[in-house]
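What follows is a set of notes on a single structure, which appears directly below.
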Amino acid sequence: MNKAQPQLHACLECDLLIKMPDSISHRTNVSCPRCNHSIAVGHNNAKQYVLAMSLTALILMFIACTFSFISFSSNEQIRTINLLQTFTELYLQEYYFVAVLVFSFILLLPTLYLLSVCLIILSSYRGFGPLPTVWLGKLMSHILPWSMAEVFLIGVLVALIKVTSMADISLESSFWAYVIFAPLFTHIVSMIDNHRLWCWIEQAKEPSHA
Amino acid sequence: MLESTKPITAAKSGLVNCLVCHQLAPIASTHCKRCSTALSSRIKNSVQISLSLLVTAVLLYIPANIYPIMSTELLGDTTESTIIGGIILFLEHESYFIAAVIFIASVIVPMAKMLALAWLCYCANRADKIKQYELTKLYRVTEFIGKWSMVDIFVVAILVALIQLGELMSIKVGFAATAFAGVVVITMISAHQFDTRFLWDKVDEE
Chain A
442 MNKAQPQLHA CLECDLLIKM PDSISHRTNV SCPRCNHSIA VGHNNAKQYV LAMSLTALIL
502 MFIACTFSFI SFSSNEQIRT INLLQTFTEL YLQEYYFVAV LVFSFILLLP TLYLLSVCLI
562 ILSSYRGFGP LPTVWLGKLM SHILPWSMAE VFLIGVLVAL IKVTSMADIS LESSFWAYVI
622 FAPLFTHIVS MIDNHRLWCW IEQAKEPSHA
Chain R
5 MLESTKPITA AKSGLVNCLV CHQLAPIAST HCKRCSTALS SRIKNSVQIS LSLLVTAVLL
65 YIPANIYPIM STELLGDTTE STIIGGIILF LEHESYFIAA VIFIASVIVP MAKMLALAWL
125 CYCANRADKI KQYELTKLYR VTEFIGKWSM VDIFVVAILV ALIQLGELMS IKVGFAATAF
185 AGVVVITMIS AHQFDTRFLW DKVDEE
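Respectively, the protein sequence lines represent chains A and R. Here the numbering used here is used: the first sequence runs in plain steps of one and ends on residue 651. Here the numbering used here is used: the second sequence runs in plain steps of one and ends on residue 210.
The following block contains the structure:
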C-alpha cells in the first residue's frame, strides 16, 4: 500500500493534484477546484446508511423478480407478465443481443453492484477471510455506468401510457417494488463515491480482522 | 475561476492516477499496487479509439432508422414501424407526450451525443486555444445522457412482453432494435474512452 501520500488525490478529469481534507463534514461536497469534478461527498455514517439502503434495495429487487409485474387485458383475454419476461420474450424471438443487454442493464448489474457494496461493507466490519474485496471494488467501478434501473423505469412509464389507450392495465406488486427500487438505487450510487469505497476496501483488507 | 500559479497535475509531479481505485502511484509503475489495474498517465490513443467507435456508431445508426424497430399484428394485419414512423404515429394519435419522449430519447439524444463526441475529438486534436470548462461540461453531459437513449429499447422490450395475445394483437421486435442497442452501447464506450485530461494538458502547455 502506498501510505506515503494518502491525502493526495488526482482529479479524474483534469489530473490536478488535490489535498484531501482529513474529514469531510456532513453533506458537503469536495470537488476539483479547477474543473469542478465532484470527488467526495461527506456523510456522517455513510457505512451504516449505505448498508441499510442496499439491503432494502436488494429486498425490493427480490420482490420485483418474484411477483407479477403488469397485467394487460383486452377483449376478455388477460396476460400477466413478470419482470423477467421483458427479456425472456426478446430471447424467444431470437434477439439474443438485445435480450442480454436488457437483462444486464435492468437486473443483473444493479443487483451485482448492490451485492458487492454489501459484501465490502460487511467485511470492513469483520474480515471475511479470503473475500476478494479488491476485485469486488473493481467490478463495481466497471458496472456502474451500465446499470440503468432509472432509465428502465421511464421506459415502463412510456410503454404504459402507450398501452392504456388499447386495453386495461393493472399494476402488480413487482411494478411498485421496481418503482421504489430505481430511485433508491440512484440514491445509493450518489452516496458511494470512489474515495469512500476504497477506504472501506482498505479497512476490509486490514489484518486486524484476521 | 482564476489561478495565479501554474496548476500542479499528477503527471507533472511524477505520479500516475489509477482510473479504477483513484490511488496515486509513481509514474514508472505499470500496475496499481492496490487493485492491480494497468496504469498509464493518459488513456493511450484515447481520441483515435473514441473517434473510431463513433464512426461505427454513426454507421449503425443508419440501419437503426431504416429497418422496423417493431411490427404490430392486429387481427391478422401486420404493420411495421420504424423509430421515426412510430413517432409520427404518436403525433397522429395526438399523444404528444410520448412522441416527445421517444423523439428526445431516440433521435435527439443519440444525435447530440455523436455530435458532441465528434466535437470533443476535433477539439482535442486542435492546436490552438480551446475552452476546457465548456468542453469538460460538454463531456459530462455526454456521459450523463448516454444511457438515456436505451429508453426506446426498454419500451419495445415491455411492449413485446406484454402484448402477446396471439392472433388478436401481438408485437414482435425488429432488426432496428439490435442496431439501435448497438449504437447506444458503442457511443457509451466511445465517451468512456475519451480522456478529458488531454484537454487540460493544453492549458498547462501554454
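For each residue, glycine too, the CB sits at the ideal point set by N, CA and C. Note that the structure is predicted; figures quoted are calculated from it, not measured.
Check whether the Cβ of residue 154 (chain R) lies closer than 8 angstroms to any Cβ atom in chain A.
-> For residue 154 (chain R), a Cβ of chain A is located within less than 8 angstroms of the residue's own Cβ.
For residue 523 (chain A), which residues does DSSP report across the bridge?
-> In the DSSP output, where bridge partners are listed per residue, residue 523 (chain A) has A:509.
Buried or exposed: where does residue 609 (chain A) fall if 16 or more other Cβ atoms within 10 Å of its Cβ makes it buried?
-> Exposed, because fewer than 16 other Cβ atoms sit within 10 Å of the Cβ of residue 609 (chain A).
Check whether the Cβ of residue 530 (chain A) lies closer than 8 angstroms to any Cβ atom in chain R.
-> Taking 8 angstroms as the CB threshold, residue 530 (chain A) lines the interface with chain R.
Taking residue 26 (chain R) as the query, report the chain A residues whose CB atoms sit under 8 angstroms from its CB, ordered along the chain.
-> Against chain A, the beta carbon of residue 26 (chain R) has neighbours under 8 angstroms at 450, 451, 453, 635, 636, 639, listed in chain order.
Counted within 10 angstroms of its Cβ, other Cβ atoms place residue 530 (chain A) as buried (16 or more) or exposed | Counting Cβ neighbours within 10 Å, residue 530 (chain A) comes out buried, since at least 16 surround it.
Going along the chain, which residues of the region 511 to 541 of chain A sit with their C-beta nearer than 7 angstroms to a C-beta in chain R?
-> The residues in question are 511, 513, 515, 516, 518, 520, 522, 526, 527, 528, 530, 531, 534, 536, 538, 539.
Quick one: complete alpha helix (DSSP H) runs, 4+ long, within the region 545 to 609 of chain A?
-> Every alpha helix (DSSP H) of 4 residues or more that sits fully in the region 545 to 609 of chain A is shown, in chain order, as 550 to 566, 574 to 584, 590 to 605.
Nearest neighbour of residue 188 (chain R), chosen from A:495, A:499, A:586, A:611 [CA to CA] | The option with the nearest alpha carbon to residue 188 (chain R) is A:586.
Answer yes or no: do residue 200 (chain R) and residue 457 (chain A) have a C-beta to C-beta separation smaller than 8 angstroms?
-> Inclusion of residue 200 (chain R) and residue 457 (chain A) in the CB contact set at 8 angstroms is not warranted, their separation being larger than that value.
Same chain, Cβ closer than 8 angstroms to residue 519 (chain A), neighbours up to 5 away in sequence not counted | Once the five neighbours on either side are set aside, the close Cβ partners of residue 519 (chain A) are 512, 513.
CB-CB under 6 angstroms to residue 107 (chain R), same chain, minus the five flanking residues each way: which ones, in chain order?
-> The beta carbon of residue 107 (chain R) sits closer than 6 angstroms to those of 91, all from its chain and outside the five residues before and after it, given in chain order.
Hey, quick one: how far does the alpha helix (DSSP H) through residue 450 (chain A) stretch, first residue to last?
-> Membership of residue 450 (chain A) in any alpha helix (DSSP H) is not indicated; the residue belongs instead to the beta strand (DSSP E) covering 449 to 451.
If you drop the 5 nearest sequence neighbours on each side, which residues of the same chain put their C-beta closer than 6 angstroms to that of residue 55 (chain R)?
-> Taken in chain order, the residues that qualify are 125.
Residue 596 (chain A) versus chain R: which residues are under 9 angstroms apart at the beta carbon?
-> Within chain R, the residues near residue 596 (chain A) are 109, 154, 155, 156, 157, 158, 159, 160, 161, 162.
Can you tell me which of the three DSSP states residue 461 (chain A) falls into?
-> DSSP places residue 461 (chain A) outside both helix and strand once states are collapsed to three, so it counts as coil.
Touch check for the region 85 to 103 of chain R and the region 70 to 77 of chain R: three-plus C-beta pairs under 8 angstroms?
-> The count of Cβ pairs closer than 8 angstroms, one atom from the region 85 to 103 of chain R and one from the region 70 to 77 of chain R, reaches three, so the stretches are in contact.
Does the beta carbon of residue 465 (chain A) come closer than 8 angstroms to any beta carbon on chain R?
-> Not closer than 8 angstroms to any Cβ of chain R, the Cβ of residue 465 (chain A) fails to qualify, so no.
Between residue 15 (chain R) and the rest of its own chain, which residues show a CB-CB distance below 6 angstroms, the 5 nearest in sequence each way excluded?
-> Excluding its 5 nearest sequence neighbours in each direction, residue 15 (chain R) has C-beta neighbours in its own chain below 6 angstroms: 45, listed in chain order.
Output, in chain order, the set of chain R residues within a Cβ distance shorter than 8 angstroms of residue 670 (chain A).
-> Any answer about residue 670 (chain A) is impossible in this case: the structure gives chain A only from 442 up to 651.
Less than 8 angstroms separating the beta-carbons of residue 173 (chain R) and residue 606 (chain A)?
-> Using a Cβ distance threshold of 8 angstroms, residue 173 (chain R) and residue 606 (chain A) do not count as a contacting pair.
Taking only beta carbons into account, state which residues of the region 550 to 580 of chain A come closer than 9 angstroms to chain R, listed in chain order.
-> Within the region 550 to 580 of chain A, the residues whose Cβ lies closer than 9 angstroms to some Cβ of chain R are 575, 576, 578, 579, listed in chain order.
Taking C-beta pairs closer than 9 angstroms, name the residues in chain A that residue 48 (chain R) reaches, listed in chain order.
-> By Cβ distance, chain A contributes nothing, its closest Cβ being about 15 angstroms from residue 48 (chain R), past 9 angstroms.
Residues that residue 176 (chain R) contacts on chain A, provided the C-beta gap is smaller than 8 angstroms | What residue 176 (chain R) touches in chain A: 534.
To the nearest angstrom, report how far apart residue 114 (chain R) and residue 554 (chain A) are at their CA atoms.
-> Taking the straight line joining both Cα atoms gives about 26 angstroms.
Opposing strand residues paired with residue 30 (chain R) [DSSP bridges] | Residue 30 (chain R) pairs with R:19.
Chain-order list of residues whose beta-carbon lies under 8 angstroms from that of residue 62 (chain R) (same chain, five-residue window excluded) = Cβ within range, chain order: 118.
In this structure, does DSSP put residue 634 (chain A) in helix, strand or coil?
-> Per DSSP, reduced to three states, the secondary structure at residue 634 (chain A) is coil, with no helix or strand assignment.
Starting from residue 82 (chain R), trace the beta strand (DSSP E) both ways and give me its first and last residue.
-> Note, residue 82 (chain R): beta strand (DSSP E), 81 to 85.
Can you give me the Cβ contacts of residue 574 (chain A) inside the same chain, cut-off strictly under 6 angstroms, excluding the 5 residues immediately before and after it?
-> In chain order, 561, 564, 642, 645 place their CB closer than 6 angstroms to the CB of residue 574 (chain A), counting only its own chain and leaving out the 5 sequence neighbours on each side.
Within the chosen definition, does the region 597 to 606 of chain A reach the region 152 to 161 of chain R through at least 3 CB pairs nearer than 8 angstroms?
-> With a cut-off of 8 angstroms, the region 152 to 161 of chain R and the region 597 to 606 of chain A count as touching, because enough Cβ pairs lie within range.
Should the region 20 to 27 of chain R be regarded as contacting the region 77 to 87 of chain R, the criterion being three or more beta carbon pairs within less than 8 angstroms?
-> Fewer than three beta-carbon pairs drawn from the region 20 to 27 of chain R and the region 77 to 87 of chain R are found closer than 8 angstroms, and the two stretches are therefore not classed as touching.
Buried or exposed (CB count within 10 angstroms, at least 16 for buried), residue 454 (chain A) = The residue is buried, with at least 16 neighbouring Cβ atoms inside 10 Å.
Find the nearest neighbour of residue 420 (chain A) within the set A:626, A:619, A:628, judged by alpha-carbon distance.
-> Not covered by the structure: residue 420 (chain A). The range shown for chain A is 442 to 651.
Same chain, Cβ closer than 7 angstroms to residue 129 (chain R), five either side skipped, listed in chain order = A distance below 7 angstroms between beta-carbons, with the five flanking residues on each side excluded, links residue 129 (chain R) to the following residues of its chain, in chain order: 51.
Neighbour list for residue 582 (chain A) in chain R, Cβ cutoff strictly below 7 angstroms = Counting only Cβ-Cβ distances below 7 angstroms, residue 582 (chain A) has contacts in chain R at 24, in chain order.
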